[in-house]
Structures are given as structure tokens and as C-alpha cells.
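Q: In my numbering, the protein residues as written are 596 to 655. Cβ atoms here follow ideal geometry from the backbone N, Cα and C, with glycine treated the same way. Here the structure is a predicted model, which is why all the values come from computation and not from measurement. What follows is a single structure, and I will ask about it in a moment.
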């Protein structure tokens, strides 16, 4: 009869946890202005990272 309350309460609890757990802990990095020297450095860093192959992991 009230079996649907368990998933509903679990969903609401998970939502509340994700909303409240990260408050004040995660620091948002300010984005540089488009076209600024900092933005060009970021783009060059990302392009460099994309150009490098991923490290190979041995199978366990």
C-alpha cells in the first residue's frame, strides 16, 4: 500500500544530501575573460593535454 514511499523518500534524501553536502566545500574556479592571456594559457594547456596519449594501465 505505501511501498512507493521508500523510493520516494530515498530519492528526496539523496537530493537533499547532494544539495547540502557540497555547500561551502567546493570552490568554484573563476573563469578568465574570453580572449584574455589567462584564457589563452588555459586553452593551450587543454590542447596540450588533449594531444598527449593517456597513460597505459596494465590489466590486473
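(1) Residue 607 lies in the alpha helix (DSSP H); which residues open and close that run?
(2) DSSP three-state call for residue 636: helix, strand or coil?
(3) Confirm, please, whether the CB-CB distance from residue 627 to residue 634 is below 7 Å.
(4) Give me the Cα-Cα distance between residue 651 and residue 641, rounded to the nearest whole angstrom.
A: Put simply:
(1) 600-616
(2) helix
(3) yes
(4) 20 Å
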